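Notes follow once the structure below has been shown.
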Amino acid sequence: MLRRITLYGLLLFAWLFAVSTASALSPESAKAIAVGDNDDRIKALSAALVTPDDNLSNLVEALLADTAKVAGDQVLIVTDGKAVIAATGAEAPLPAVVEDVVNNNRMRQALEGAKAAFGLFSDSVRVRNNAITELRESADESKLPLIDRALAKETDASLKAKLEQLRAAMLIASSDKQKRLDAIVALTASAQPSVKSLLQERMKAGVETDPEVRAALTTAIKTVEDRLAWGERLGVVFTGLSLGSILFLVALGLAITYGLMGVINMAHGELLMIGAYATYLVQNVFRKFMPGAFDYYIIAAIPLSFLAAALVGAILERTVIRWLYGRPLETLLATWGISLMLIQLVRTFFGAQNVPVENPSWLSGGVQVLPNLTLPFNRIAIIFFAFFVLAGVSLLISKTRLGLFVRGVTQNRSMAACMGVNTAKIDTYAFALGAGIAGLAGCALSQVGNVGPDLGQGYIVDSFMVVVLGGVGQLAGTVYAGLGLGVLNKFLEGWTGAVLAKIIVLVFIVVFIQRRPQGIFALKGRSAEA
Amino acid sequence: MNTTTLPSSPIASIAPPVPSLLTLRGKVVVAAVLAILVVIIPVLNVMVPATSAFHMSDYAVSLLGKIMCYAICALAMDLIWGYTGILSLGHGLFFALGGYAMGMYLMRQIGRDGVYHSDLPDFMVFLDWKTAPWTWAGSESFIFQMILVVAVPGLLAFIFGYFAFRSRIKGVYFSIITQALTFAAMLLFFRNETGFGGNNGFTDFKRILGIPTATSSMRVTLCVLTGLVLLGFYLMSKAIIASKYGRVLQAIRDAEGRVLFTGYNTLWYKLSIWTLSAMMCGVAGALYVPQVGIINPGEMSPAASIEIAIWTAVGGRATLIGPIIGAFFVTGAKSWFTVAFPEYWLYFLGALFIAVTLFLPQGIVGLVRKLAAKGGVK
């Protein structure tokens, strides 16, 4: 036991000694770094980097900032007319004649790399992390000792893993075959998405020539790909779900106004836009008057965007739509006219440019599930929000008195009127409800996309597709259609790219509706007109 | 829900069959229009000196030509919507397809005068393509492209219509899937890979049939040609509407179920008028492109198609002169507004949509007839 402690003590001492002696930047090496042939300078820099210290760090900074000067055998750092000897850090009188140090691009790159290397020994985890990321760009064998030293000192587990990987990335280009093979094994164990491209880089013609190493590379790439595939698959499912939840949230309001009431509301997209602009206004009010509570503006924005859109919806119903019940094609044209006016109105008040809507801090960023799969918080929140709104709407329709009246009026208007239901009022409420839900969707959209006067135009075709595909008059159909289209779209995107995927989905819907005009869930009935 | 378009019975449908296509008065009007087209416009533009008050500027000529192209679209829309009760929100697609077929020919006519002095159209050189894609085969032949002008929209309309009408898709459903169709086509044409110039479309035309396009005489020729086509289509529509075939179409609009039960197969009636309407739009597009000098996927946007519907609605559905008046009124107003008060144009157009559907279900023609009836004038 005692012997072991002594041994450790000796080792520690030896290490400290080695550090203290070697770390001092000698005037000779300082000069070698500053003057001479570029190859020699870079070599000197690499040699000095094995034992980094503050003086070297200062010298590198000075070289990059062009404040390093040469006077005879001395390398000086000149700032504000005062000179400091680079090798010792001691002040020195400023000589009359100093030479500038000229750094070409290659030298500068080497210096930048060296600067990044210093970050490895910073006290801040963030700076160390950045340094690792930067070094990845210029990974070569010469920095290996540096990485080894950093590894020995590193305490953070995740950074340690990154350093290991960086080390392997440097070793994979080593001239020693065994080292290359070892590096491949080490890299295979890593779960970083960048490993794949690193390995593939080596597989390119002429980079790796040894057949044994090539074989190892092939198996390694396969293993890494298999592991990454899961993250990719889950990523597609998640983005599909996210798009799907947005789609059904956007279409839910339409499912009420169109599906239940039969109003072809082409201004539905503009109601989304109103919800988004309401969110923008609430955000501005919070920023101006309650900056402390800015993170919670979204809580206030949700009901207000609902109310704003519902109010506009109620006005529209009372003034225009009410006169067009039973004439769907006329409604279509009139509401298109409304949408044009609403767009222009927003342009007049807020300008034609997009307005900035900032995520609250708790909605920005994301959670990393797999190394190549990060789920953004705002998208997760929207998925939950969509289902929350859905639950609210279905409860409202199925359990409340208003919902009962809405169902009654849509099923048999004259009978409902005979039973004493004020059908005109119910129409207004139902339309306002659909508009308000569009406002909620607009509030959600403001968190993931641009907010501008044209916001609604992009969604109008989509939301009609969702409602029609799901089956008119069916809230559940809307949900399935929205989610299904979202996931389908994202899966296709992986194959064909975004635009073609969208076209394929549209064509699919058109064909589907031709095969099954009532949508996925058809209401059963005997009407010949249906 | 009842999906007939015009619950209030339209005027034209109850008229007794017309023995001859045109009355004497009609013949006089047609002759007058012909005279204006063939004689007066060219004379006013080319012969009358620019300083004279009667001179018709090149701008006016091309504006007139452009509006008459729109009027053809509105007329085509009227056949399918006003008379058959099928609202298409995808007619802009057929218009654009005709325009693209013409545009391809015009692009080939540029020859080596483009920016890159290549045999291929500039945008292909820009995309670093070595040969034109298969869709461009035959684009150097005027005749072939003119066949495409009607064949492409016609074929697309036929296939699409066949499946849609066979599944008895009607009313709003049909409108919405036609909108989806034109939207999908717009996305497709926006892509450079599709091979039709991406979002820039075709422009910078130099000549047509070897004759330069940017001359006064070419402008007048195209304008007059458009007018003649419009007149021809008008007379053709009049013949269709008066025929037995036309009566069945109107019966389909008013009560399709009954027409079916009477033993008519409405599929072929609807499909034929739908295809014809699409082909008319294709011709309009082909006439439009050389006069305006550009075609791009914007013409396929859902908004452009809805505008066609509003021309028809403003003028008066189920009348043949109505859509022409509507196209002149709305696009004339647009030309004026976008110059005088650009920021109010959308307010005006939006208000027009609402006002016409709420207060003028018969459009301008219906309003004039109502006023005339009130004044005791027959």
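One line per chain: the protein sequences are A and B, in this order.
Take the first sequence: its letters are residues 1 to 530, numbered as in this note's numbering.
Take the second sequence: its letters are residues 531 to 908, numbered as in this note's numbering.
Each residue gets a CB set at the ideal place from its N, CA and C atoms; glycine is no exception.
Owing to the predicted nature of the structure, the values given are computational and were not obtained by experimental measurement.
The beta carbon of A/Val467 does not come within 7 Å of any beta carbon belonging to chain B, so the residue lies off that interface.
Within the model, the alpha-carbon separation for B/Ala903 versus B/Gln892 is close to 14 Å. Residues of chain A whose Cβ lies closer than 9 Å to the Cβ of B/Val591 do not exist, since the nearest Cβ in that chain is about 30 Å away.
The beta-carbon distance between A/Ile382 and A/Ile246, rounded to whole angstroms, is 6 Å. This is short enough to meet the 8 Å contact definition.
A Cβ-Cβ distance of about 5 Å is found for the pair A/Val466 and A/Ala481, placing them in contact under the 8 Å criterion. B/Tyr703 reaches chain A at Val468, Ile513 and Pro517, counting residues in chain order whose Cβ is nearer than 7 Å.
The three-state reading of DSSP puts B/Phe732 in strand, counting E and B together. One Cα belongs to B/Pro742, the other to B/Gly828, and the distance between them is close to 26 Å.
Leaving aside the five residues that flank A/Ala183 on each side, the residues in its chain whose CB is nearer than 6 Å to its CB run, in chain order, Ala168, Leu171 and Ile172.
In summary, B/Leu564 is exposed, with fewer than 16 beta-carbon neighbours lying within 10 Å of its beta-carbon over all protein chains present. A/Thr79 is the residue among A/Thr79, A/Ala96 and A/Val97 whose C-alpha sits nearest the C-alpha of A/Gly89. Taking 7 Å as the threshold, the shortest C-beta distance from A/Trp336 to chain B falls below it.
Closest in C-alpha terms to B/Leu685, from the list B/Phe624, B/Phe674 and B/Asp652, comes B/Phe624.
Note on B/Cys811: 16 or more other CB atoms within 10 angstroms of its CB, so buried under the neighbour-count rule.
A/Leu373 sits away from A/Gly477, with the two beta carbons spaced by 7 Å or more.
For A/Val84, the secondary structure class from DSSP, reduced to helix, strand or coil, is strand.
When the five nearest sequence neighbours on each side are left out, the beta carbons in the same chain lying within less than 8 Å of the beta carbon of A/Leu94 are those of Leu76, Val78, Gly81, Lys82 and Ala83, in order along the chain. When CB distances to chain A are screened at a threshold of 7 Å, the residues of the stretch 612 to 625 of chain B falling below it are Leu617, in chain order. For the options B/Ile770, B/Thr665 and B/Ile825, the alpha carbon positioned closest to that of B/Thr849 is the one of B/Ile770.
Between B/Gly880 and A/Gly337, the gap from beta carbon to beta carbon is short of 7 Å. Here A/Val409 is buried: its Cβ has 16 or more other Cβ atoms, across all protein chains shown, within 10 Å. When C-alpha distances from B/Gly633 are compared across B/Leu594, B/Phe674, B/Thr614 and B/Val645, the shortest belongs to B/Phe674. Looking at the DSSP output, A/Lys69 sits in a beta bridge with A/Leu76 and A/Asp100. For A/Thr400, there is no enclosing alpha helix (DSSP H), as DSSP marks it with neither H nor E. Distance from A/Ala131 to A/Ala110 at the Cβ level is roughly 15 Å; contact not present, criterion being Cβ atoms closer than 8 Å. If you check the CB distance, A/Ile298 and A/Pro360 come in under 7 Å. If you compare the alpha carbons of A/Asn422, A/Phe387 and A/Gly240 with that of A/Leu404, the shortest gap goes to A/Asn422. With a cutoff of 7 Å on beta-carbon distance, A/Leu272 and A/Gly442 are scored as near each other.
Fully enclosed alpha helix (DSSP H) runs of no fewer than 4 residues occupy 457 to 470, 475 to 496 and 498 to 515 of the stretch 438 to 515 of chain A, in order along the chain.
Exclusion of the five residues before and after A/Ser339 leaves Met266, Ala267 and Glu270 as the residues of its chain whose Cβ lies within less than 6 Å of its Cβ. At least one beta carbon of chain A lies nearer than 7 Å to the beta carbon of B/Phe693. Restricting attention to beta strand (DSSP E) runs no shorter than 3 residues, the stretch 337 to 386 of chain A encloses them at 366 to 370 and 373 to 376, ordered along the chain.
Assigned with DSSP and collapsed to three states, B/Ile741 falls in strand.
Counting only the Cα atoms, B/Met809 lies some 7 Å from B/Ala681.
Taking 7 Å as the cut-off, the Cβ atoms of A/Lys490 and A/Val185 do not count as close. Any Cβ of chain B closer than 7 Å to the Cβ of A/Gln200 would place that residue at the interface, and such an atom is absent.
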